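Here's the structure, in structure tokens; my notes come after.
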Amino acid sequence: MNLATLIFAVMFIVALGASLAMLFSPNAVHVALFLVVAQVALALAFLLQGAYFVAAMQIIVYAGAIMVLFLFVIMLLGVDKREALIEPLRGQRQVAIGLGLLLAAEISYTVLRGIHLAGFGSGGSARLNAINQNPGNVLAIARLLFSRYLLPFEATSLLLVVAIVGVMMLARRIDTAASIFEPIGAPTGAPLEQEREAV
Amino acid sequence: MTSVAPGYYLVLAGLMFTIGVVGVLVRRNAIVIFMFVELMLNAVNLIFVTFARMHGNVDGQILVFFVLVVAAAEVTVGLAIILMIARRRNSADVDGVHLLKW
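Note that the protein sequences, when read in sequence, are chains Z and U. Each residue of the first sequence is one higher than the one before, starting from 1 at the first, in my numbering. Each residue of the second sequence is one higher than the one before, starting from 1001 at the first, in my numbering.
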């Protein structure tokens, strides 16, 4: 067993174990932390396959920014609420687990049988290594992103602007809506002034 | 350094995707369901990277980049919607949202 196989085995166990732990942990914060573990393990999988830029983005954007957003909303809504144990649909869990096992078996069978039919050959890994050596991974991605994929790239910038404006419209405070905060006004302003004077 | 065959990566991605599907079906908290959707997106990212290695180019890695951007937009909008529902109903339980149920 060489080093790459050993790292892959550790990554496999950590990623799968963290995903299963997400399924069985009742607390939402624990689910978020196990998701971070799974995402870091997946970043290791990206590194093993020569996707260096994507691995860095995985850790910075996913495990960093997006998960912080999740934890922020969990803390905002309250962490101590337990999930309801009553089932409106009788036997939903059992059926879901059975169908999930069926889906796992189906995907594994398709992958293990179909991977030989795909006919990619085994030269892909060497070609990717050559790309990573000569122009470099980041430079190769940048050249392709700003030439062939320029239109989708611009579309994603539009998407982000639309998302920002939509969230601002959704999350703005309507006075009649039930709020989890005190209304912004004089009572909150007074202690701030006192603190500022004390400092 | 010889690397592991791509089939094992695809099997791992399939298993993680399945766990995500089961999580969406089983859990009740809207935020937790959303995190399982993220797990499914991550599994698909692993498939893209694996196919990029099998083809020997970086097109698959660029698709991962786009998935990342769309996931970020989706998370912001989805969490804002969950926050609005939770403000009105004082819980993030998906079973309580049944106004459109027949």
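Each residue gets a CB set at the ideal place from its N, CA and C atoms; glycine is no exception. Just so it is clear, the structure is predicted and the values come from calculations on it, not from any experiment.
Residue of the options minimising C-alpha distance to residue i
i	options	result
A101(Z)	V1022(U), N1029(U), G1060(U) and F1051(U)	It is worth fixing the name first, because residue 101(Z) is Leu in this sequence and not Ala. With distances taken between Cα atoms, L101(Z) lies closest to V1022(U).
R1088(U)	R90(Z), G91(Z), Q92(Z) and L77(Z)	L77(Z)
R93(Z)	L23(Z), L16(Z), P152(Z) and T5(Z)	L23(Z)
A1092(U)	K1101(U), N1057(U), M1054(U) and I1081(U)	I1081(U)
A96(Z)	G1020(U), G1078(U) and L1079(U)	G1020(U)
V1064(U)	I115(Z), T156(Z) and A171(Z)	T156(Z)
M11(Z)	N2(Z), A38(Z) and T110(Z)	A38(Z)
A1071(U)	L159(Z), L170(Z) and A171(Z)	L159(Z)
S1003(U)	N129(Z), V162(Z), P135(Z) and R143(Z)	N129(Z)
A4(Z)	A56(Z), A45(Z) and F72(Z)	A45(Z)
A43(Z)	N1057(U), Q1061(U), H1098(U) and G1096(U)	Q1061(U)
V161(Z)	G1096(U), V1077(U), L1099(U) and I1085(U)	V1077(U)
G166(Z)	L1099(U), L1100(U), K1101(U) and M1084(U)	M1084(U)
V1097(U)	L103(Z), P88(Z) and A105(Z)	P88(Z)
Below-8 Å beta-carbon distance, residue i vs any chain Z residue
i	result
I1062(U)	yes
M1054(U)	yes
M1040(U)	no
I1085(U)	no
L1099(U)	no
V1044(U)	no
V1094(U)	no
V1037(U)	no
M1001(U)	In this prediction, M1001(U) scores a pLDDT of 47, lower than 50, which makes its location untrustworthy; the coordinate-derived value is nonetheless stated afterwards. So, interface residue.
8 Å Cβ cut-off: residues of chain B touching residue i
i	result
Q133(Z)	Note that chain B does not occur in the displayed structure, where the protein chains are Z and U.
Own chain partners of residue i with C-beta closer than 8 Å, once the 5 adjacent residues on each side are dropped
i	result
I1033(U)	G1023, V1024, R1027 and V1094
V1075(U)	F1034 and E1038
N137(Z)	G50, A51, Y52, F53 and I131
A140(Z)	I131 and N132
V1067(U)	L1041, V1044, N1045 and F1048
S19(Z)	F34 and A38
L1079(U)	I1031 and F1034
Closer than 8 Å to chain U by CB, residue i
i	result
M75(Z)	no
F12(Z)	yes
V61(Z)	yes
G17(Z)	no
R127(Z)	yes
A56(Z)	no
L200(Z)	An answer regarding residue 200(Z) cannot be provided, because it is not within the stretch 1 to 199 covered by chain Z.
L112(Z)	yes
G136(Z)	no
G91(Z)	no
S108(Z)	yes
V165(Z)	no
Neighbourhood of residue i by C-beta, 6 Å cutoff - its chain only, sequence neighbours within 5 removed
i	result
I1047(U)	A1013
V36(Z)	A63 and M67
7 Å Cβ shell around residue i - same chain, five flanking residues per side excluded
i	result
S147(Z)	none
P1006(U)	T1050, R1053 and M1054
A32(Z)	M67, F70, L71 and I74
Contact set between the region 1020–1035 of chain U and chain Z, restricted to residues whose Cβ is under 8 Å from the partner
Hits within the stretch, in order: G1020, V1021, V1022, G1023, L1025, V1026, R1027, R1028, N1029, I1031, V1032, F1034 and M1035.
Only counting runs of 4 or more residues, tell me where the alpha helix (DSSP H) segments fall wholly within the region 94–137 of chain Z, in order along the chain.
124–133
Which residues of the region 30–46 of chain Z have a Cβ closer than 8 Å to any Cβ of chain U? Give them in chain order.
V31, A32, L35, A38, Q39, L42, A45 and F46
Starting from the N-terminal side, write out each stretch of the alpha helix (DSSP H) that is 4 residues or longer and does not extend beyond the region 1015–1059 of chain U.
1030–1055
Note down, one range per segment and in chain order, each alpha helix (DSSP H) of at least 4 residues found wholly within the region 1067–1100 of chain U.
Counting only runs of 4 or more, we get nothing.
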